[in-house]
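Chemist: Under our numbering, the sequence shown has 8 at position 7, and the numbering climbs by one with no breaks. Beta carbons: idealized from backbone N, C-alpha and C, even for Gly. Before we start, here is the structure in question, set down as structure tokens.
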Amino acid sequence: MSNQRYLHLNLVGNEINHHQGAPAYERDHGGGPSRRNAYLPILEMGRLAEEGLCTAMFLGDIAGTAGSPAPDHGPPEPITAFAALACQTRYLGLIATASTSFYDPYNLARLLGSLDQISNGRAGFNAVTSVSEEWALNYSKESHPDRKTRYQIADEFLDVVTGLWENRELRFDPDGIRRFYADPINHQGKNYQVLGPLNVAPSPQGRPLIAQAGGSGPGIKVAAKHAEMVFTNANTREQAAEYRAQLDQALAEAGRAKGTVPAIPGLIPYLGRTLAEAEEKQRELDQHVDYELYAPFALVQFGLEYTFDSIDDPFPLDQLPKPEDVQDTIKSTYGNYVGLYTWITEHPGATVRDVTAHSLARGGAQHRKFIGSYDDFVEDLATWHADGHVGGFNLMFPTGVIDIREFVAEVVPRLIDRGIYRGRPDSRPLRERFSA
2 MSNQRYLHLN LVGNEINHHQ GAPAYERDHG GGPSRRNAYL PILEMGRLAE
52 EGLCTAMFLG DIAGTAGSPA PDHGPPEPIT AFAALACQTR YLGLIATAST
102 SFYDPYNLAR LLGSLDQISN GRAGFNAVTS VSEEWALNYS KESHPDRKTR
152 YQIADEFLDV VTGLWENREL RFDPDGIRRF YADPINHQGK NYQVLGPLNV
202 APSPQGRPLI AQAGGSGPGI KVAAKHAEMV FTNANTREQA AEYRAQLDQA
252 LAEAGRAKGT VPAIPGLIPY LGRTLAEAEE KQRELDQHVD YELYAPFALV
302 QFGLEYTFDS IDDPFPLDQL PKPEDVQDTI KSTYGNYVGL YTWITEHPGA
352 TVRDVTAHSL ARGGAQHRKF IGSYDDFVED LATWHADGHV GGFNLMFPTG
402 VIDIREFVAE VVPRLIDRGI YRGRPDSRPL RERFSA
């Protein structure tokens with residue numbers, strides 16, 4: 002096996018992460034996905050991701066209305082979608098998001114364990130604590146816990162599911178027959194009391210990979226204890242280096258080796274044969290957005306509201322709290338809020354329209370947006386890869402199927418030629434891929 006360190010590129014499949022003008026753009030340009038139901042685009046994107054040799058596909062779990070108009074008929078539940086996609090792919094990792102605030106750990110361990118079996122060791126669990134008061138009320142909660150409490154619950158939740166997954170095995174008995182054995186875990190904690198054992202047999206990777214989106218202090222601590230890959234936010238190489246240092250310090254404090262958990266930031270690429278072509282694509286997409294409709298939702302994801310007279314007025318920065326003042330109370334991921342706040346302060350004079358575009362309309366939440374040619378994009382990825390602070394990127398394409406096809410045809414061959422991207426499918430269990 003080669004010791005070459007390849008770039009991990011994962012596809013984020015939720016259409017809520019696309020440019021909000023994508024459906025109209027796809028209609029005008031042809032080649033968009035069938036939307037007879039919300040699962041069909043995910044299946045098509047997943048097949049293309051495998052063709053493009055992506056390490057894995059992420060699906061977020063939107064456990065209620067998303068706080069803004071959505072083109073995807075209501076986002077599909079990730080585990081269900083991946084059970085279907087597992088049967089149409091051979092190599093693509095399948096990382097399903099689920100909330101530790103809403104799920105029961107034994108039930109989720111069964112569901113993800115079953116997906117791991119169906120996919121023959123390609124399943125992953127992206128553990129999130131969720132953000133919405135309204136979503137909590139859908140799950141018979143009186144209210145949504147504060148950030149500190151949510152991460153305390155998440156820590157215990159992950160202890161339980163990991164214990165259930167790791168206390169089972171398939172082994173050959175003296176008669177030569179392979180049988181399933183599992184032991185109780187007898188967990189008695191503050192939030193959960195779970196006897197076990199789990200009644201789902203392990204896959205070739207033993208248990209699903211655990212991913213986590215840890216941006217704040219409590220999140221990084223949970224990631225350092227449990228995660229095998231972190232979905233993070235880094236808009237600059239300096240931010241990537243700073244996060245790498247924070248995660249490595251937390252790993253050391255948790256008794257794990259520094260550098261063993263890759264940080265994978267989000268990235269939204271607007272691409273073309275030339276920079277001008279990429280810029281024109283973004284302009285055309287922007288023309289399909291009703292900014293009067295979307296502007297009120299620009300900060301809803303953070304639990305914040307703001308007032309304005311016109312979308313072309315300067316954004317009211319005085320209404321936006323500093324990140325350090327809301328670190329424990331802000332909705333959505335803290336890293337996303339830091340990314341948005343930083344962008345606004347670095348763009349004095351930005352209008353309400355500009356902030357709406359960056360925060361919501363152009364997709365990918367507050368993750369880095371790249372605009373340029375195919376060759377420029379490869380050069381950008383190579384530079385970040387050479388720094389050694391990230392393990393790869395979670396790609397959120399503006400238009401989904403059209404852009405993924407373009408990426409597979411134009412960018413993947415260039416990355417392979419550059420020597421930083423695997424040139425053939427990775428057949429190893431998912432956990433082994435991120436540990437290399």
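#1: What are the boundary residues of the alpha helix (DSSP H) that L54 is part of?
#2: In terms of alpha-carbon separation, which member of V391, L268 and A155 lies closest to Q213?
#3: With DSSP run on the structure shown, which of helix, strand or coil describes Q153?
#4: What does the Cβ neighbour count give for M2, buried or exposed, with the cut at 16 atoms within 10 Å?
#5: From N200 to Q194, what does the alpha carbon distance come to, in whole angstroms?
#6: If you run the structure through DSSP and keep just helix, strand and coil, what is T98?
#7: Using the DSSP secondary-structure output, state which residues sit across from I17 in a beta bridge.
#8: For C55, is the classification buried or exposed, using 16 other Cβ atoms within 10 angstroms of its Cβ as the cut-off for buried?
#9: Indicate the three-state DSSP secondary structure (helix, strand or coil) for A387 in the structure shown.
#10: So, for I312: in the same chain, excluding its five sequence neighbours on each side, which residues have a beta-carbon less than 8 angstroms away from its beta-carbon?
#11: What does the Cβ neighbour count give for P175, buried or exposed, with the cut at 16 atoms within 10 Å?
#12: Count the other CB atoms, across all protein chains shown, that sit within 10 Å of the CB of F316; report buried if there are 16 or more and exposed otherwise.
#13: Do you know how far the Cα of Y375 is from the Cα of V1?
#14: Less than 8 angstroms between the beta carbons of I269 and F181, yes or no?
#15: Straight-line CA distance for A1 to A50?
#16: Count the other CB atoms within 10 Å of the CB of A410; is the residue buried (16 or more) or exposed (fewer)?
#17: Give the single residue among H227, W136 and N121 whose Cα lies nearest to the Cα of T163.
#18: Per DSSP, E380 forms a beta bridge with which residues?
#19: If you run the structure through DSSP and keep just helix, strand and coil, what is R423?
#20: Would you be able to state if there are at least three C-beta pairs under 8 angstroms between the stretch 274-288 and the stretch 297-307?
#21: What residue range does the alpha helix (DSSP H) around A370 cover?
#22: Tell me Q1's beta-bridge partners as DSSP assigns them.
#23: Since V129 sits in a beta bridge, which residues does DSSP pair it with?
#24: To the nearest angstrom, how far is it from the Cα of G14 to the Cα of L318?
#25: Tell me the DSSP secondary structure of R169 in three-state form.
#26: Expressed to the nearest angstrom, what Euclidean distance is found between the alpha-carbon atoms of L361 and Y107?
#27: Mind checking which residues open and close the beta strand (DSSP E) that includes V231?
#28: Give me the Cβ distance between G267 and M397, rounded to the nearest whole Å; I'm assuming they're in contact under 8 angstroms.
#29: What first and last residue would you give for the beta strand (DSSP E) that runs through L361?
#30: Considering only residues of the same chain and omitting the five flanking positions on each side of G401, which have a CB-CB separation below 7 angstroms?
Modeler: In short, the structure shows the following:
#1: Position 53 of the sequence shown holds residue 54. Segment: none, L54 is in no alpha helix (DSSP H) and carries neither H nor E.
#2: Here residue 213 refers to the residue found at position 212 when the sequence shown is read from its first residue. Nearest C-alpha to Q213: A155.
#3: Locating residue 153 in the sequence shown gives position 152, counting from the first residue. Three-state result, Q153: helix.
#4: Along the sequence shown, read from residue 1 onward, the residue named residue 2 stands at position 1. Low local confidence applies: a pLDDT of 38 at M2 is under 50, so the model's placement there is unreliable, with the coordinate-based value given in what follows. Its Cβ having fewer than 16 others within 10 Å, M2 is exposed.
#5: Mapped onto the sequence shown, residue 200 falls at position 199. Mapped onto the sequence shown, residue 194 falls at position 193. One C-alpha to the other measures close to 17 angstroms.
#6: Locating residue 98 in the sequence shown gives position 97, counting from the first residue. Residue state, collapsed to three classes: strand.
#7: In the sequence shown, residue 17 corresponds to position 16, counting from 1. Answer is none; I17 lacks a bridge partner.
#8: Here residue 55 refers to the residue found at position 54 when the sequence shown is read from its first residue. With 16 or more other Cβ atoms within 10 Å, it is buried.
#9: On the sequence shown, residue 387 is found 386 positions in, with the first residue counted as 1. Three-state result, A387: helix.
#10: Locating residue 312 in the sequence shown gives position 311, counting from the first residue. The residues are Y292, E293, A296, T352, V353, R354 and T357.
#11: Mapped onto the sequence shown, residue 175 falls at position 174. Answer is exposed; the Cβ neighbour count stays below 16.
#12: To locate residue 316, count along the sequence shown from 1; it is residue 315. By the neighbour-count rule (16 or more Cβ atoms within 10 Å), F316 is buried.
#13: Residue numbering for the chain in the displayed model covers 2 to 437; residue 1 lies beyond these limits and cannot be assessed.
#14: Numbered from 1 along the sequence shown, position 268 holds the residue referred to as residue 269. Numbered from 1 along the sequence shown, position 180 holds the residue referred to as residue 181. Cβ distance not < 8 angstroms, so I269 and F181 don't count as in contact.
#15: For residue 1 there is no data in the structure shown, the boundaries of the chain being 2 and 437.
#16: Start at 1 with the first residue of the sequence shown, and residue 410 comes out as number 409. Classification of A410: exposed, given that the 10 Å Cβ count is below 16.
#17: On the sequence shown, residue 163 is found 162 positions in, with the first residue counted as 1. Ranking H227, W136 and N121 by Cα distance to T163 puts H227 first.
#18: For the purposes of this step, residue 380 is identified with residue 379 of the sequence shown, where counting begins at 1. BP columns for E380 are empty, so no partner.
#19: In the sequence shown, the residue the question calls residue 423 occupies position 422. Here R423 sits in coil by DSSP.
#20: no
#21: The count along the sequence shown starts at 1 and reaches residue 370 at position 369. Note that residue 370 corresponds to Lys in the displayed sequence, not to Ala. Taken as a continuous stretch (DSSP letters only), K370 belongs to no alpha helix (DSSP H), being part of the beta strand (DSSP E) at R369 to S374.
#22: In the structure as shown, the chain starts at 2 and stops at 437, and residue 1 therefore has no counterpart that could be examined.
#23: Taking the sequence shown and counting its residues from 1, the one referred to as residue 129 is at position 128. In the DSSP output, where bridge partners are listed per residue, V129 has S100.
#24: Position 13 of the sequence shown, counting from 1, holds the residue named residue 14. Position 317 of the sequence shown, counting from 1, holds the residue named residue 318. Each residue's Cα considered, the two are about 32 angstroms apart.
#25: One-based indexing of the sequence shown puts residue 169 at position 168. It is a strand residue.
#26: Translated into positions along the sequence shown, residue 361 becomes position 360. Translated into positions along the sequence shown, residue 107 becomes position 106. Approximately 35 angstroms, taken between the alpha carbons.
#27: Translated into the one-based positions of the sequence shown, residue 231 becomes position 230. That run of the beta strand (DSSP E) goes M230 to T233.
#28: Mapped onto the sequence shown, residue 267 falls at position 266. Mapped onto the sequence shown, residue 397 falls at position 396. So it is a contact: roughly 6 angstroms between Cβ atoms.
#29: The count along the sequence shown starts at 1 and reaches residue 361 at position 360. That residue, L361, is in no beta strand (DSSP E); it is neither H nor E in DSSP.
#30: Numbered from 1 along the sequence shown, position 400 holds the residue referred to as residue 401. Excluding residues within five positions, the ones whose Cβ falls inside 7 angstroms are E16, H19, A23, P34, P42 and M46.
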